Amino acid sequence: MNLNLVRLTAAIHFGAISGLYLMLFSGHACADLSSVLAEVEQNAPALAASRAQADAEQAALKAAKGKYWGEVDVFANDNRYNNERLVRPISFPPNVAAAPFDDKQYAWGAQLKLPLDINGGIHATVENAMRLADAAKYGAEDQRLRLLFKGAELYRNLQRLIGQKAALDKQVEALNEHLKIADAAVRVGRMASVERLRIDTDLQAVQGQLADIDGKITSNRAGIAALINQPAFDEAVAMPAAPPVAESDVNFTASRPDLLQAKEQEAASNAQVKQLRSKRLPTLGVQAAAQHVEGYDAAGDDLWSITTRIQVPLWDGGGRRADVAKAEAARRAAQSSYLAKKLQARTELEAAIATWKASEKRYRSAVSGVSLATETSRIQSDRFSNGRISAADLVDAEAALAKARSAESSALADWWAADDALRLAAGKAPKAYNKTLEENQP
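Start counting the sequence shown at 7; every next residue gets the next number (the numbering used here).
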């Protein structure tokens, strides 16, 4: 059976299943996966938290860059003195004019503090903040992708469960018809009551399976509702009508957001080492101030000062050395973490490709299985109506058909889930999300 025939058969089968499902849920609007993913991106609280963290790191970067420019402050002072030697000095100091001194003075002015980054500490601080900001940005992007795929996973689960439910509903419908035939056969003596009980027993078992599926559907709907920050998700689910199309450009890429995040974290740890090493080196700074001093009862003066300060750290009990050692250990950990994530990413991609191919084969087999089970069920139903087989044989045929239909719906949903996993391993958004972007473009 070629792939085109498989797709045509799938469209026919799932068209019928989707029609039955929409009849059951005709009172609810239908939400396809692309619209659900759009809501996830817009409303997911976890994504909002990640983006807020990225904004915080950007603000921290701006604060770090501000250290290059130093500080400029304005000030105003009001001084009151109560010292006999200051207020009424015995004699004026040498080479100082006999200016009057006021015990009540006020002043205003401005001062500038300019650090000279001779030890590279400010540069390392800015580099560390820049790397952390980039890491937070890539972390938010990785969170976005994973939330999109979580939404797609829950949606695929619903598709799988709804397909199974539709198959079981058809089995219930067929068993009810067979019960009518069995009742008529029992009345005329063509069938023993125990045969009729076998059909009824199997019907009750199927009803139990339906109840279990309904519980799982409710659970997955609750998961989607929590993901999109809504009280409930009651919309009908669009069933997949055809298998995914294979992509030729899916390969390993180091531009996956989680890998880029780990790489930036490694670079940030390296900058942190430089920053802490700079604290063991001399520092140099310039401070300038200009002020006007005025007495309440005496004339004022304009004053200025320039101070250049160099400070050499000598000993602090080994604290700075220990901080550097701690940062170096953190850098080695970040390097190892990045390497481990790269290896894991390659493994995930290879596994996703293998799963995709296996899902394709499984789906093709499931489509063929439905065709064979449908024909077998038709033949057995005719034979049962003519009294040529027992109820047990009929029930087995109907169960086989329901199992084949369920396997087909599950296989198609699994194939789409495998396609989603393959795109995640390659650092891409789900195809349904790309469809949303295309529809929103002008």
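Beta carbons are placed, not taken as given, at the ideal position from N, Cα and C, and that holds for glycine. Model, not experiment: these values are computed from the prediction.
CA-CA distance, residue i and residue j?
i	j	result
residue 144	residue 152	12 Å
residue 388	residue 46	50 Å
residue 84	residue 116	15 Å
residue 228	residue 131	45 Å
residue 174	residue 270	51 Å
residue 127	residue 289	9 Å
residue 249	residue 335	49 Å
residue 154	residue 436	7 Å
residue 419	residue 41	18 Å
residue 346	residue 265	10 Å
residue 167	residue 416	8 Å
residue 112	residue 305	11 Å
residue 349	residue 339	15 Å
residue 406	residue 170	13 Å
residue 78	residue 299	19 Å
residue 8	residue 195	Note on residue 8: pLDDT 45, under 50, position unreliable in the model; the coordinate value appears next. Taking the straight line from one Cα to the other gives about 49 Å.
residue 210	residue 201	15 Å
residue 439	residue 366	22 Å
residue 253	residue 262	18 Å
residue 327	residue 354	41 Å
residue 432	residue 223	29 Å
residue 27	residue 184	Note that residue 27 scores a pLDDT of 44, beneath 50, so its modelled location is shaky; the value from the coordinates is reported in the next line. Using only the alpha carbons, I get a separation of about 23 Å.
residue 88	residue 302	15 Å
residue 324	residue 286	10 Å
residue 260	residue 273	16 Å
residue 237	residue 225	13 Å
residue 82	residue 134	37 Å
For residue i, I'd like the list of residues in its chain whose CB is within less than 7 Å of its CB, leaving aside the five on either flank, ordered along the chain.
i	result
residue 76	118, 119, 120 and 121
residue 434	none
residue 33	Residue placement at residue 33 is flagged as unreliable, the pLDDT there being 46, under the threshold of 50; a coordinate-derived value is accordingly withheld.
residue 386	395, 399, 400 and 403
residue 376	19, 410, 411 and 414
residue 192	199 and 202
residue 268	343, 344 and 347
residue 142	59, 60 and 63
residue 30	Here residue 30 scores only 40 on pLDDT, less than 50, and its place in the model is too uncertain to base an answer on.
residue 369	249, 417, 418 and 421
Beta-carbon within less than 6 Å of residue i's beta-carbon, same chain only, minus the 5 sequence neighbours each way: which residues are those?
i	result
residue 382	403
residue 282	329, 330 and 333
residue 239	227, 230 and 231
residue 397	201, 204 and 205
In three-state terms, what does DSSP make of residue i?
i	result
residue 440	helix
residue 187	helix
residue 447	In this predicted model, residue 447 has a pLDDT of only 44, less than 50, meaning its place in the structure is not dependable; the value taken from the coordinates is given anyway. Of the three classes helix, strand and coil, the one that applies to residue 447 here is coil, per DSSP.
residue 37	strand
residue 315	strand
residue 435	coil
residue 424	helix
residue 396	coil
residue 152	helix
residue 303	coil
residue 338	helix
residue 429	helix
residue 196	coil
residue 169	helix
residue 63	helix
residue 411	helix
residue 359	helix
residue 235	coil
residue 51	helix
residue 515	Within the shown structure, residues of the chain are numbered from 7 to 448, placing residue 515 beyond reach of any answer.
residue 261	coil
residue 251	coil
residue 126	coil
residue 157	helix
Who are residue i's beta bridge partners in DSSP?
i	result
residue 81	115
residue 309	297
residue 324	Answer is none; residue 324 lacks a bridge partner.
residue 221	According to DSSP, residue 221 bridges with nothing at all.
residue 289	317
residue 243	37
residue 86	110
residue 121	291
Does the contact criterion of 3 or more C-beta pairs under 8 Å hold for the segment 232-240 versus the segment 43-55?
Yes, they touch.
Contact the segment 288-295 vs the segment 310-326: 3+ CB pairs below 8 Å:
At 8 Å Cβ cutoff, the stretches touch.
Could you tell me whether the segment 391-398 touches the segment 358-366, using the rule of 3 or more Cβ pairs below 8 Å?
Result no; under three Cβ-Cβ pairs closer than 8 Å.
If you pair each beta-carbon of the segment 53-69 with each one of the segment 166-181, do three or more pairs fall below 8 Å?
No, because fewer than three Cβ pairs between the segment 53-69 and the segment 166-181 fall closer than 8 Å, the two stretches do not touch.
Per the contact definition of three or more C-beta pairs closer than 8 Å, is the segment 154-165 in contact with the segment 413-428?
In this structure the segment 413-428 touches the segment 154-165; the number of beta carbon pairs closer than 8 Å is three or more.
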